[in-house]
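Participant: FYI, the numbering for the sequence shown is 1 to 407, going by UniProt numbering.
Once you've had a glance at the structure underneath, I'll fire off some questions.
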Amino acid sequence: MEKLSLQTKLVLGIQHVLAMFGATVLVPFLTGLNPSIALICAGVGTLIFHSVTKGIVPVFLGSSFAFIGATALVFKEQGIAILKGGIISAGLVYVIMSFIVLKFGVERIKSFFPPVVVGPIIMVIGLRLSPVALNMAGYSNNTFDKDSLIIALVVVVTMISISILKKSFFRLVPILISVVIGYVVAYFMGDVDLSKVHEASWLGLPTGAFETITTLPKFTFTGVIALAPIALVVFIEHIGDITTNGAVVGKDFFKDPGVHRTLLGDGLATMAAGFLGGPANTTYGENTGVLAVTKVYDPAILRIAACFAIVLGLIGKFGVILQTIPQPVMGGVSIILFGMIAAVGVRTIVEAQLDFTHSRNLIIAALIFVLGIAIGDITIWGTISVSGLALAALVGIVLNKILPEDK
């Protein structure tokens, strides 16, 4: 692909910000934390991740959903200082695991994740997110909101139309253009409230954000035990996200820079978020979906997006404007992005030329699909829960090791 200009990279960076924005600010809204700090943590965490991974992995880090329950509970009952200590401890677990992976070697780790396991896991990641996309688009419990579906449909049709254009600049930014068109349609339909934009200040953090950042962390047994073990649970999801990203880009990030570096980057980013008072960070499938749509894999664009996220966290009006984007607009975008992730899983299986006439492959894939899609979250101890995705991945990994291969 021809070298992109700085202006093009800036526009593509904005597009990545749009893709991650909704989920990144949703987590602090659900847990009681500050959305502006979450944006800053996402930007800082992404830059830390890229510095650790030699700047070659096109990944964006945003607020993790896996920690929502524990984060909300600890913050409500024990306060921001103890929550900071818990999140820092979770990041430290990632760091420790990265050294374990480094010691035992990437090939031994990769033997647990062959295409018959990885392909279905990637598909499950996309399919598990599909109800969320449809819900955002206005469809829920066999009912639908007419206006929301119209807005989402406009976004989807716009994305499809732009993506099939030949040799056009617009083909690089289908999400950005779709969001703008969807936003305009929603505005004329009366679904955009701009009143908060006028009230917001241009510069500075919102009320209470500075106090949150400057509060020193406290490490207590209850805070650490509530949050740190979750890092062990989401380890498999991290592996899945890096595998998905590598499949989209067409590179083996397990070898270069190494999954030990991606784990270390994720851990240090989460520790930084803990010190700042934001939610734990994780790699974002939404931005991997953007890569799949645009086919522009330059990691520098993700670093530009990280800088934009930090700026948005510091400029009140810009952050509020993005928050006024109606949910159906992002729902239309998510329908395509999440579907792209599932399609990458299919491509992984096809490229590996897996033979599903063999019962071994059928059994492994079947159980990953059923457990990963049907099971939401299972509480295993207090506030610690295991997602269906993590359970499905664990079952797939174990079966791949114990089931004899067909000769």
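The beta carbon of each residue, even a glycine, is placed where N, CA and C say it ideally should be.
Could you tell me how far apart the beta carbons of Phe275 and Ile88 are, in whole angstroms, since I believe they sit closer than 8 angstroms?
Facilitator: As a working mapping, residue 275 is identified with position 275 in the sequence shown. As a working mapping, residue 88 is identified with position 88 in the sequence shown. With 8 angstroms as the limit, Phe275 and Ile88 qualify as a contact, their Cβ atoms being about 7 angstroms apart.
Participant: Cα-Cα, which of Ile150, Leu312 and His50 is closest to Phe188?
Facilitator: Position 188 of the sequence shown, counted from the first residue, corresponds to residue 188. When each option's Cα is compared against that of Phe188, the closest is Ile150.
Participant: Name, in chain order, the residues that DSSP records as bridge partners for Phe144.
Facilitator: For the purposes of this step, residue 144 is taken as the residue at position 144 of the sequence shown. Tyr139.
Participant: What distance in whole Å lies between the Cβ atoms of Ile336 and Val156, which are believed to be in contact at a cut-off of 8 angstroms?
Facilitator: Numbered from 1 along the sequence shown, position 156 holds the residue referred to as residue 156. Numbered from 1 along the sequence shown, position 336 holds the residue referred to as residue 336. Confirmed, Cβ separation roughly 6 angstroms.
Participant: Does DSSP put Gly79 in a helix, a strand or coil?
Facilitator: Taking the sequence shown and counting its residues from 1, one reaches residue 79 at position 79. Coil.
Participant: Check this for me: beta carbons of Phe49 and Leu39, under 7 angstroms apart or not?
Facilitator: For the purposes of this step, residue 49 is taken as the residue at position 49 of the sequence shown. For the purposes of this step, residue 39 is taken as the residue at position 39 of the sequence shown. No, the pair does not count as a contact, with Cβ atoms beyond the cut-off.
Participant: Please report the residue range of the beta strand (DSSP E) in which Ser63 lies.
Facilitator: Here residue 63 refers to the residue found at position 63 of the sequence shown. Ser63 -> beta strand (DSSP E) spans Leu61 to Ser63.
Participant: Rounded to whole angstroms, what's the CA-CA distance from Leu47 to Cys307? Just pull it up for me.
Facilitator: Locating residue 47 in the sequence shown gives position 47, where the first residue counts as 1. Locating residue 307 in the sequence shown gives position 307, where the first residue counts as 1. Taking the straight line from one Cα to the other gives about 8 angstroms.
Participant: Using CA coordinates, which residue listed in Ile242, Ser163, Val52 and Ile175 is at the minimum distance from Gly332?
Facilitator: By 1-based counting over the sequence shown, the position of residue 332 is 332. Of the candidates Ile242, Ser163, Val52 and Ile175, the one whose C-alpha sits nearest the C-alpha of Gly332 is Ile175.
Participant: Classify Asn141: buried if its beta carbon has 16 or more other beta carbons within 10 angstroms, exposed otherwise.
Facilitator: In the sequence shown, residue 141 corresponds to position 141, counting from 1. It counts as exposed.
Participant: Tell me which residue opens and which closes the beta strand (DSSP E) that Thr283 is part of.
Facilitator: Numbered from 1 along the sequence shown, position 283 holds the residue referred to as residue 283. Where Thr283 is concerned, the enclosing beta strand (DSSP E) stretches over Asn281 to Thr283.
Participant: Using the Cα positions of Asp298 and Leu264, report the straight-line distance between them to the nearest angstrom.
Facilitator: As a position in the sequence shown, residue 298 is number 298, starting the count at 1. As a position in the sequence shown, residue 264 is number 264, starting the count at 1. Roughly 21 angstroms separates the two Cα atoms.
Participant: Taking 7 angstroms as the threshold (C-beta atoms), are Thr348 and Ala226 in contact?
Facilitator: Taking the first residue of the sequence shown as position 1, residue 226 is located at position 226. Taking the first residue of the sequence shown as position 1, residue 348 is located at position 348. No. Outside cutoff.
Participant: Could you work out which residue in Gly313, Ala81 and Val293 is closest to Val249 when comparing CA atoms only?
Facilitator: Residue numbering aside, residue 249 sits at position 249 when the sequence shown is read from its first letter. That would be Val293, whose Cα lies nearest to the Cα of Val249.
Participant: Under 7 angstroms, do Val329 and Ala66 count as touching if we go by C-beta distance?
Facilitator: As a working note, residue 329 is residue 329 in the sequence shown. As a working note, residue 66 is residue 66 in the sequence shown. It is not a contact, given that the beta carbons lie outside the stated cut-off.
Participant: Within this structure, are the beta carbons of Thr215 and Ile82 separated by less than 7 angstroms?
Facilitator: Reading the sequence shown from its first residue, position 215 is the one you call residue 215. Reading the sequence shown from its first residue, position 82 is the one you call residue 82. Not in contact: Thr215 and Ile82 (Cβ atoms no closer than 7 angstroms).
Participant: Are Leu129 and Phe338 close, meaning C-beta to C-beta below 7 angstroms?
Facilitator: Taking the sequence shown and counting its residues from 1, the one referred to as residue 129 is at position 129. Taking the sequence shown and counting its residues from 1, the one referred to as residue 338 is at position 338. The answer is yes: Cβ separation under 7 angstroms.
Participant: With the cut-off set at 7 angstroms, would you say Val124 and Ile373 are in Cβ contact?
Facilitator: Taking the first residue of the sequence shown as position 1, residue 124 is located at position 124. Taking the first residue of the sequence shown as position 1, residue 373 is located at position 373. Against a cut-off of 7 angstroms, the Cβ pair of Ile373 and Val124 comes out as a contact.
Participant: Is it right to say Gly105 is buried, meaning 16 or more other beta carbons lie within 10 angstroms of its own, or is it exposed?
Facilitator: For the purposes of this step, residue 105 is taken as residue 105 along the sequence shown, with counting starting at 1. Burial call: exposed.
Participant: Quick one: grab the DSSP three-state call for Ile164.
Facilitator: The residue you call residue 164 lines up with position 164 of the sequence shown. DSSP places Ile164 in coil when its eight states are reduced to three.
Participant: Is the distance from the Cβ of Leu362 to the Cβ of Leu391 below 7 angstroms?
Facilitator: Your numbering for residue 362 matches position 362 in the sequence shown. Your numbering for residue 391 matches position 391 in the sequence shown. Going by C-beta atoms, Leu362 is not nearer than 7 angstroms to Leu391.
Participant: Pick out whichever of Val197, Thr158 and Asp191 has its Cα sitting closest to the Cα of Val179.
Facilitator: Taking the sequence shown and counting its residues from 1, the one referred to as residue 179 is at position 179. Nearest C-alpha to Val179: Thr158.
Participant: In whole angstroms, give me the CA-to-CA distance for Ser161 and Lys196.
Facilitator: Looking up residue 161 in the sequence shown gives position 161. Looking up residue 196 in the sequence shown gives position 196. Roughly 33 angstroms between the two C-alpha positions.
Participant: Just reading off the alpha helix (DSSP H) that Tyr297 is part of, what are its end residues?
Facilitator: Here residue 297 is taken as the residue at index 297 of the sequence shown, counted from 1. Where Tyr297 is concerned, there is no enclosing alpha helix (DSSP H), given that its DSSP letter is neither H nor E.
Participant: Going by DSSP, what residue range makes up the alpha helix (DSSP H) through Gly265?
Facilitator: Translated into the one-based positions of the sequence shown, residue 265 becomes position 265. Looking at the DSSP string, the run of the alpha helix (DSSP H) that includes Gly265 is Val259 to Leu276.
Participant: Thr214 lies in the alpha helix (DSSP H); which residues open and close that run?
Facilitator: What you label residue 214 is simply residue 214 of the sequence shown in a count that begins at 1. Its alpha helix (DSSP H) spans residues Ala209 to Thr214.
Participant: What would DSSP say about Met1, mapped onto helix, strand or coil?
Facilitator: Counting from 1 along the sequence shown, the entry for residue 1 is found at position 1. Its pLDDT being 48, under 50, Met1 is placed unreliably in this model, and the value from its coordinates should be taken loosely. Correct three-state label for Met1: coil.
Participant: With C-beta atoms as the reference, is Val154 less than 7 angstroms away from Val185?
Facilitator: Within the sequence shown, residue 154 is the residue found at index 154, counting from 1. Within the sequence shown, residue 185 is the residue found at index 185, counting from 1. Yes, the Cβ-Cβ distance between Val154 and Val185 is below 7 angstroms.
Participant: Could you spell out where the alpha helix (DSSP H) holding Gly396 opens and where it closes?
Facilitator: Taking the sequence shown and counting its residues from 1, one reaches residue 396 at position 396. It spans Gly388 to Ile402 - the alpha helix (DSSP H) in which Gly396 sits, taken as one unbroken run.
Participant: Return helix, strand or coil for residue 414, following the three-state DSSP convention.
Facilitator: Beyond the ends of the chain as shown, which are 1 and 407, falls residue 414; an answer cannot be given.
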